[in-house]
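Student: Numbering (our numbering), first residue to last: 49 to 401.
Even glycine gets a Cβ: it sits at the ideal position worked out from N, Cα and C.
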Ligand SMILES: [Zn+2]
């Protein structure tokens with residue numbers, strides 16, 4: 049089908065959410081940067097043109113680990129970002145190619161295909177011209193997503209409600225379901241000053257189908273806000289933290305400090321040296337259960353997520369995705385296992401390791 053999704057992908061997002069949780073793996077920018085395919089700093093997804101296989105492979109790994117959604121890698125693939133790197137000419141091919149790669153993986157796997165809009169970094173509440181620029185940038189990306197046959201469209205990582213509303217309007221005009229997720233910074237409020245719950249309520253009133261939080265906060269410092277959002281809205285709630293150990297004192301991954309390292313070029317772990325703060329799979333499983341208990345049904349992770357984290361989400365929800373074929377079986381570990389076939393002298397030596 050040229051427009052309107054694919055029958056091969058089965059029930060749509062809202063039907064799936066009404067039946068149970070939906071997992072959406074995000075974090076393509078960070079994971080592909082680690083793999084050498086994205087330049088940190090500008091963070092523009094040129095890799096979709098430079099090496100489509102690298103993007104296709106990560107889509108497949110996230111799906112294999114349990115993601116129900118293949119999110120086109122168009123994050124930061126908007127007009128302003130391409131202007132900054134002097135490559136506006138590749139804006140349209142980049143978006144179309146990203147959608148095409150994601151569509152291939154969605155079609156082969158039966159997962160949902162999602163278009164993606166992100167924060168533009170040019171929105172200024174007092175500058176009407178910036179509103180027109182942002183609105184136009186969202187409209188052109190929504191147009192390409194629609195032509196690719198997406199099942200729904202994500203607008204993510206916003207901190208201005210005004211900008212978020214522009215994204216929501218553009219998505220609503222397409223007729224596709226809108227998943228809107230906000231980035232909650234240190235103060236815990238939108239840049240206009242209202243609470244995240246209030247912003248989510250206004251987005252729901254304006255027609256968003258799913259509202260919630262993504263990026264910026266780790267599991268521990270996102271959960272309390274999710275509870276407030278759940279209480280404020282009637283629609284489905286999304287929860288996609290970054291898999292980093294944020295704390296009440298350092299509630300966002302941008303604000304984390306690493307006293308154990310004196311070799312950071314600018315003294316700040318974000319975004320290149322967050323490794324020591326990475327949540328393990330058990331922490332992600334715990335977060336998933338907690339978010340599910342408080343009523344969030346659209347679950348996933350953002351920057352920093354790896355396929356092992358996504359599998360932990362799926363298994364915490366009682367699923368066995370294809371990657372569960374290789375889920376741990378520590379009973380058969382040569383030194384720390386319990387299997388009777390293991391060598392006793394190794395098991396005894398384990399305490400010396
Ligand atoms: Zn993120």
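By a C-beta neighbour count over all protein chains shown, 10 Å radius and 16 as the cutoff for buried, is residue 299 buried or exposed?
Tutor: Buried: at least 16 other Cβ atoms inside 10 Å.
Student: Excluding five sequence neighbours on each side, which residues of the same chain lie with their C-beta closer than 7 Å to the C-beta of residue 296?
Tutor: Cβ within range, chain order: 269.
Student: Please tell me whether residue 118 and residue 162 are closer than 9 Å, where the distance is taken between their beta carbons.
Tutor: Contact flag set, yes.
Student: Within the chosen definition, does the region 135-144 reach the region 386-394 through at least 3 CB pairs nearer than 8 Å?
Tutor: Flag = no, the region 135-144 and the region 386-394 do not touch.
Student: Taking C-alpha atoms, which residue in 319, 244 and 291 lies nearest to residue 333?
Tutor: Closest option to residue 333, Cα to Cα, is 291.
Student: Cutting at 6 Å between CB atoms, please list the residues of its own chain near residue 183, excluding the five before and the five after it.
Tutor: Taken in chain order, the residues that qualify are 214.
Student: Would you call the region 54-68 and the region 270-280 touching, i.e. three or more CB-CB distances under 8 Å?
Tutor: Contact between the region 54-68 and the region 270-280 is absent, because fewer than three Cβ pairs lie under 8 Å.
Student: Go through the residues and name those whose CB comes closer than 5 Å to any heavy atom of ligand 1, in chain order.
Tutor: Qualifying residues come out as 263, 350 and 351.
Student: Secondary structure at residue 164, three-state DSSP: helix, strand or coil?
Tutor: In this structure, residue 164 counts as strand in the three-state DSSP scheme.
Student: Suppose you measure from the CA of residue 251 to the CA of residue 360; what does that come to, to the nearest Å?
Tutor: Roughly 30 Å separates the two Cα atoms.
Student: Buried or exposed, going by whether 16 or more other CB atoms sit within 10 Å of the CB of residue 374?
Tutor: Exposed, since its Cβ has fewer than 16 Cβ neighbours within 10 Å.
Student: Across which residues does DSSP place residue 243 in a beta bridge pair?
Tutor: Its beta-bridge partners are 237.
Student: What are the partner residues of residue 348, as DSSP defines its beta bridges?
Tutor: BP columns for residue 348 point to 72.
Student: Please go through the same chain and pick out, in chain order, the residues whose beta-carbon is closer than 8 Å to the beta-carbon of residue 283, but skip the five residues on each side of it.
Tutor: Counting only Cβ-Cβ distances below 8 Å, and skipping sequence neighbours, we find 252, 256, 257, 258 and 259.
Student: Curious, which full-length alpha helix (DSSP H) runs of at least 4 residues does the region 121-187 contain?
Tutor: 127-132 and 139-157, all fully within the region 121-187.
Student: Going straight from the alpha carbon of residue 84 to that of residue 321, what length do you get?
Tutor: Distance between the alpha carbons of residue 84 and residue 321 is about 15 Å.
Student: Could you tell me how far apart the beta carbons of residue 205 and residue 263 are, in whole angstroms, since I believe they sit closer than 8 Å?
Tutor: Confirmed, about 5 Å.
Student: If you draw a straight line from the C-alpha of residue 391 to the C-alpha of residue 71, how long is it?
Tutor: Cα to Cα, the separation comes out at about 41 Å.
Student: My guess is that residue 371 and residue 82 are in contact by the Cβ rule of under 8 Å, so how many angstroms apart are they, rounded?
Tutor: With a Cβ gap of about 19 Å, residue 371 and residue 82 do not count as contacting.
Student: Give the C-beta separation of residue 261 and residue 229 to the nearest angstrom, bearing in mind that I take them to be a contact with Cβ-Cβ under 8 Å.
Tutor: Right, their Cβ atoms sit about 6 Å apart.
Student: Need the endpoints of the alpha helix (DSSP H) that residue 210 sits in, please.
Tutor: Start and end: 209-222.
Student: If you compare alpha carbons, which of 170, 151 and 176 is closest to residue 164?
Tutor: Nearest C-alpha to residue 164: 151.
Student: Who are the Cβ neighbours of residue 303 in its own chain at under 7 Å, not counting the five residues just before and after it?
Tutor: Here the set comprises 234.
Student: For residue 307 and residue 267, I'd like the C-alpha separation in whole angstroms.
Tutor: Residue 307 and residue 267: Cα-Cα distance of roughly 21 Å.
Student: Mind checking which residues open and close the alpha helix (DSSP H) that includes residue 268?
Tutor: Residue 268 -> alpha helix (DSSP H) spans 267-280.
Student: For residue 284, which beta-bridge partners are listed by DSSP?
Tutor: DSSP lists 258 as partners of residue 284.
Student: If you reduce the DSSP assignment to three classes, tell me which class residue 318 lands in.
Tutor: Residue 318: coil per DSSP, three-state reduction.
Student: Does the Cβ of residue 129 have 16 or more other Cβ atoms within 10 Å, making it buried, or fewer, making it exposed?
Tutor: Buried, because 16 or more other Cβ atoms sit within 10 Å of the Cβ of residue 129.
Student: Whole angstroms are fine: how far does the CA of residue 80 sit from the CA of residue 309?
Tutor: If you take the alpha carbons of residue 309 and residue 80, they lie about 24 Å apart.
Student: Out of curiosity, what's the CA-to-CA distance linking residue 315 and residue 324?
Tutor: One C-alpha to the other measures close to 14 Å.
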